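Below is one structure; the comments refer to it alone.
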Amino acid sequence: MAKDDLSTPNEQKEYSRRDMLKMTALAGGGIALGASGFGTVLELLGNKNGEANAANQSTVPFFGNHQAGITTAHQNYGYLAAFDIDPSVHDAAKIMALFITWTRLAATLTQGKREVNSDNKELPPNDTNEARDLGAANLTITFGLGHSFFTKDGKDRFGVAAHMPKQLTAMPHIAHETLDPAISNGDLCVQVCADVQQVAFHALRNLIKEALGTANIRWMESGFLNAPKGQTPRNLFGFKDGTANVADSEDQKNVIWTGSDEPQWMRGGTYLGYRKIKMIIETWDRDSYSDQENVFGRKKNSGAPFGQRHEKDPVIMNKMPADAHVRLAHGTGKQIYRRAYSYTNGIQPQTGNLDAGLLFISYQNKPQDSFIPMLRLLGKSDALNEYTDHIATGLFAIPAGIKKNEYFAQHLFE
Amino acid sequence: MTNQKKIMFILLAALMLLPISACSSAQKSDGEKSAQTTADPVKQGTKKMQQINKNLQAALEKNDTAAIKKYGKQLNTQWLSYENGVRDRFPLQYAKIERYQQPIYAQSNLENPNAAQVKENSRALTDQLSDLLAAKETKAKPSKQMDQAVDDYLKYADEQIDQLVKTTKPFVQAVKDGDVEKAKKRYTLPRIYYERAEPIAESFGDLDPAIDARINDVETESDWSGFHEIERALWEKNSLKGQEKYADKLMADVLSLQKKAKSFKLTPKAMVAGAMELLEEAATSKITGEEERYSHTDLVDLQANVDGSKAVYQAAIPALIQGHKDLANQIDKQFQAFDKQMLKYKKSDTEYEDYTKLNKEQIREISNELSKLSKLMAQTAKIF
Ligand code: HEM
Numbered sequence: 001m002a003k004d005d006l007s008t009p010n011e012q013k014e015y016s017r018r019d020m021l022k023m024t025a026l027a028g029g030g031i032a033l034g035a036s037g038f039g040t041v042l043e044l045l046g047n048k049n050g051e052a053n054a055a056n057q058s059t060v061p062f063f064g065n066h067q068a069g070i071t072t073a074h075q076n077y078g079y080l081a082a083f084d085i086d087p088s089v090h091d092a093a094k095i096m097a098l099f100i101t102w103t104r105l106a107a108t109l110t111q112g113k114r115e116v117n118s119d120n121k122e123l124p125p126n127d128t129n130e131a132r133d134l135g136a137a138n139l140t141i142t143f144g145l146g147h148s149f150f151t152k153d154g155k156d157r158f159g160v161a162a163h164m165p166k167q168l169t170a171m172p173h174i175a176h177e178t179l180d181p182a183i184s185n186g187d188l189c190v191q192v193c194a195d196v197q198q199v200a201f202h203a204l205r206n207l208i209k210e211a212l213g214t215a216n217i218r219w220m221e222s223g224f225l226n227a228p229k230g231q232t233p234r235n236l237f238g239f240k241d242g243t244a245n246v247a248d249s250e251d252q253k254n255v256i257w258t259g260s261d262e263p264q265w266m267r268g269g270t271y272l273g274y275r276k277i278k279m280i281i282e283t284w285d286r287d288s289y290s291d292q293e294n295v296f297g298r299k300k301n302s303g304a305p306f307g308q309r310h311e312k313d314p315v316i317m318n319k320m321p322a323d324a325h326v327r328l329a330h331g332t333g334k335q336i337y338r339r340a341y342s343y344t345n346g347i348q349p350q351t352g353n354l355d356a357g358l359l360f361i362s363y364q365n366k367p368q369d370s371f372i373p374m375l376r377l378l379g380k381s382d383a384l385n386e387y388t389d390h391i392a393t394g395l396f397a398i399p400a401g402i403k404k405n406e407y408f409a410q411h412l413f414e
Numbered sequence: 001m002t003n004q005k006k007i008m009f010i011l012l013a014a015l016m017l018l019p020i021s022a023c024s025s026a027q028k029s030d031g032e033k034s035a036q037t038t039a040d041p042v043k044q045g046t047k048k049m050q051q052i053n054k055n056l057q058a059a060l061e062k063n064d065t066a067a068i069k070k071y072g073k074q075l076n077t078q079w080l081s082y083e084n085g086v087r088d089r090f091p092l093q094y095a096k097i098e099r100y101q102q103p104i105y106a107q108s109n110l111e112n113p114n115a116a117q118v119k120e121n122s123r124a125l126t127d128q129l130s131d132l133l134a135a136k137e138t139k140a141k142p143s144k145q146m147d148q149a150v151d152d153y154l155k156y157a158d159e160q161i162d163q164l165v166k167t168t169k170p171f172v173q174a175v176k177d178g179d180v181e182k183a184k185k186r187y188t189l190p191r192i193y194y195e196r197a198e199p200i201a202e203s204f205g206d207l208d209p210a211i212d213a214r215i216n217d218v219e220t221e222s223d224w225s226g227f228h229e230i231e232r233a234l235w236e237k238n239s240l241k242g243q244e245k246y247a248d249k250l251m252a253d254v255l256s257l258q259k260k261a262k263s264f265k266l267t268p269k270a271m272v273a274g275a276m277e278l279l280e281e282a283a284t285s286k287i288t289g290e291e292e293r294y295s296h297t298d299l300v301d302l303q304a305n306v307d308g309s310k311a312v313y314q315a316a317i318p319a320l321i322q323g324h325k326d327l328a329n330q331i332d333k334q335f336q337a338f339d340k341q342m343l344k345y346k347k348s349d350t351e352y353e354d355y356t357k358l359n360k361e362q363i364r365e366i367s368n369e370l371s372k373l374s375k376l377m378a379q380t381a382k383i384f
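Chains W and P supply the protein sequences, listed in that same order. Quick note: the first sequence uses UniProt numbering, first residue 1, plus one each step. Quick note: the second sequence uses UniProt numbering, first residue 1, plus one each step.
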């Protein structure tokens, strides 16, 4: 371990490449080598006396039945990024190696640890260091696979097309969208969320760095969403967003998690539906208060549905205008689990208007029956369309949680 | 291979890339071995190279363009088929052969190869191939290897700077003659030599800015001189009025660079750092079209930067293959991949596609290959 690393109190939070390798080997050869080792190394080097003395030391477990970052309490900052497999890669083995590396890195970073640098100071550092003093801040890293990962131009790219998740398709054309292909879709996706933006960025940056050459970053979006604990956050139109999300774990099983109709490796997973939705902020801000409420069919301050008093009261459809966003979405009779972030990106130089909107992210087990029909209906009829423009899209299969000693998408390949 | 086995294979390969595996570098030390054993693949491969090279020379005599191209490409295919064996056992000879074989290959991909250049390289290749046949496998001490690497690299850099002087002269002359068309034609060649050896120029404080500053690098326009000042006159103003003094200054600066470079000392670490600087240059100012913003010849510079960093890699091969063979393999492949993609845009020795003609995807593609190269090259510091 390099000297200046030793002198810091964070020393026990670091791994050497040798430890990483051990873990990698164990993760890769999980079946062959048995269950010993991986957890042990983690514990040994773990931040044993790292009792949460500051809020940002909190961690979310990385390994589990479902991937973290889906029903995890909504962190304040989120990044969503897509990657494309490098054109030189034709062999699943290279991709497996990347997924092993990513798993290792994600398991490390989400627990508030990092890779140690080489003793050789002529080499670039392994870790980029900006999150060194910050703790994990509830960092979660969620991995997914796009339709183009399995097949592209009608070709089975890596010999796994036969195991394609049942509900994974290329996104169909939807009314009222102006998509930019460069910031849409992709072979892989990674969602990174944390309560401290710098922690989230650090994680994604290091994932990008490790992937280069096997998978290259295609696009990256970042957003924020803040609310007092236990309250529903508001989006940039000033309305509570996420009210109708199911909170009960039995309901979540019905809405979010995939079951026996999927190939074995995909069970216990979900699908991430993504839309980057530009908000025409200035037009919205000049709209009357009552019209704004009519657009959603809910009260702006309380979030209560029309005809009701409280946010969580049931929706009464016929109290809302026919084209109200909530009425249309609710009227589909389907449910999705929304986990959006707001974004801002300076101004639009041609007009001087703000460039801002919503990174709409939803999780659901049957996107073809819920997310996509909903989009179709909203695209045609939503009162909200006057104030929004869908500019990017994506649909990704999110496999089940990763177990200790295993790596992301292992059971797709093995 | 089953997937499981593949994984283990990758892990082993990954292991080889790690610094901790340096201890395993005490590979088979079966003493000195000459390549002169009958079934030796290096010997056999080299003999084939000699034969193809002979054919190439015959084609050159006859001025048979099609045959020149054919044998130039054949040489490359033959070289690729056994070069790994050469690199592992005869690293010094390996780099020298690459130096002459690769320009031949580059020429053979052009519609009209430059016969004089091919001839020159082919002749040098003849000598190198005989050297390789006679060479003994040796293992120099690591420190000695690095000194040798620096010497080899400095020789390369000197050659580039000599060529820079040689090609700047006619360019400057055309500028002073006020001949816009001729000057435009002669602009790119000295740029190539300069960009290949830029780390050397950068080590002499004011010389690099005097020769190579872009307009945004200087505080006021009156401080501006060098190639890009003349570039603007040529392509933006289409007039060489008032350029004589810049032409004279450029020549003087380039000569002064040549003089200083002759006594230039370089440490191995600085040499490797220089290779990285070249790639970073390429990845920042060349790939964005900022470097040659009037002539749009950025791809020429970009390839020259990569060539310059490749020279460092080649010089460092003997040190690199001791314990980092897999890395050397990967770098080698990536240089090939990079050069191959650049061939799509290459029109002649001094001419690549106009930067502004490339679409976003093409630029991103080049940038991506460049990033992959930089990522690998950054790992060459493992030799220290
Ligand atoms: C900028 C774009 C959008 C904004 C500002 C927005 C805002 C809202 C708001 C304020 C609510 C009411 C509170 C709640 O239940 O969370 C809501 C509900 C909902 N929205 Fe959106 N939304 C947007 C886009 C979408 C899209 C693209 C979809 C689906 C593809 C969608 C699906 C839903 C659903 C399913 C509900 C719950 C309806 C129910 O009560 O059952 N929204 N949205």
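Here a beta-carbon is modelled for each residue, glycine too, at the ideal position from N, C-alpha and C. On a predicted model such as this, the values are computed, not experimentally measured, just so you know.
beta-carbon residue i near the ligand HEM non-hydrogen atom, thresh 7 Å
| i | result |
| --- | --- |
| R339 of chain W | no |
| T388 of chain W | yes |
| G357 of chain W | yes |
| F237 of chain W | yes |
| A175 of chain W | no |
| F99 of chain W | no |
| M317 of chain W | no |
| T393 of chain W | no |
| H325 of chain W | yes |
| R298 of chain W | yes |
| F360 of chain W | yes |
| R309 of chain W | no |
| I317 of chain P | no |
Beta-carbon spacing of residue i, residue j below 8 Å
| i | j | result |
| --- | --- | --- |
| A233 of chain P | S374 of chain P | no |
| M271 of chain P | Y153 of chain P | yes |
| I361 of chain W | A340 of chain W | yes |
| L207 of chain P | L257 of chain P | yes |
| T214 of chain W | I141 of chain W | no |
Where residue i falls, given that 16 or more other Cβ within 10 Å makes a residue buried
| i | result |
| --- | --- |
| Q231 of chain W | exposed |
| L80 of chain P | exposed |
| D151 of chain P | exposed |
| I161 of chain P | buried |
| H228 of chain P | buried |
| A116 of chain P | exposed |
| H66 of chain W | buried |
| V215 of chain P | The sequence as given places Ile at residue 215 of chain P; Val does not occur at that position. Per the 10 Å Cβ criterion, exposed. |
| S263 of chain P | exposed |
| residue 442 of chain W | Lying outside 1 to 414, the shown extent of chain W, residue 442 of chain W is not represented and no answer is given. |
| T380 of chain P | buried |
Range of the contiguous beta strand (DSSP E) that encloses residue i
| i | result |
| --- | --- |
| E281 of chain P | E281 of chain P -> not in any beta strand (DSSP E); alpha helix (DSSP H) instead, spanning P268 to E281. |
| Y345 of chain P | Taken as a continuous stretch (DSSP letters only), Y345 of chain P belongs to no beta strand (DSSP E), as it is neither H nor E. |
| Q167 of chain W | Where Q167 of chain W is concerned, there is no enclosing beta strand (DSSP E), given that its DSSP letter is neither H nor E. |
| G259 of chain W | Neither: G259 of chain W is in no beta strand (DSSP E) and is coded neither H nor E. |
Three-state class that DSSP yields for residue i in the structure shown
| i | result |
| --- | --- |
| I398 of chain W | strand |
| A194 of chain W | strand |
| R309 of chain W | coil |
| S342 of chain W | strand |
| Y94 of chain P | helix |
| A115 of chain P | helix |
| F83 of chain W | strand |
| M317 of chain W | helix |
| W219 of chain W | strand |
| Y407 of chain W | coil |
Check: residue i C-beta below 7 Å from any heavy atom of the ligand NAD
| i | result |
| --- | --- |
| K240 of chain W | You won't find the ligand NAD in this model; what it holds is the ligand HEM. |
Where the alpha helix (DSSP H) through residue i begins and ends
| i | result |
| --- | --- |
| G85 of chain P | T65 to R89 |
| T168 of chain P | P142 to K176 |
| W284 of chain W | I281 to D285 |
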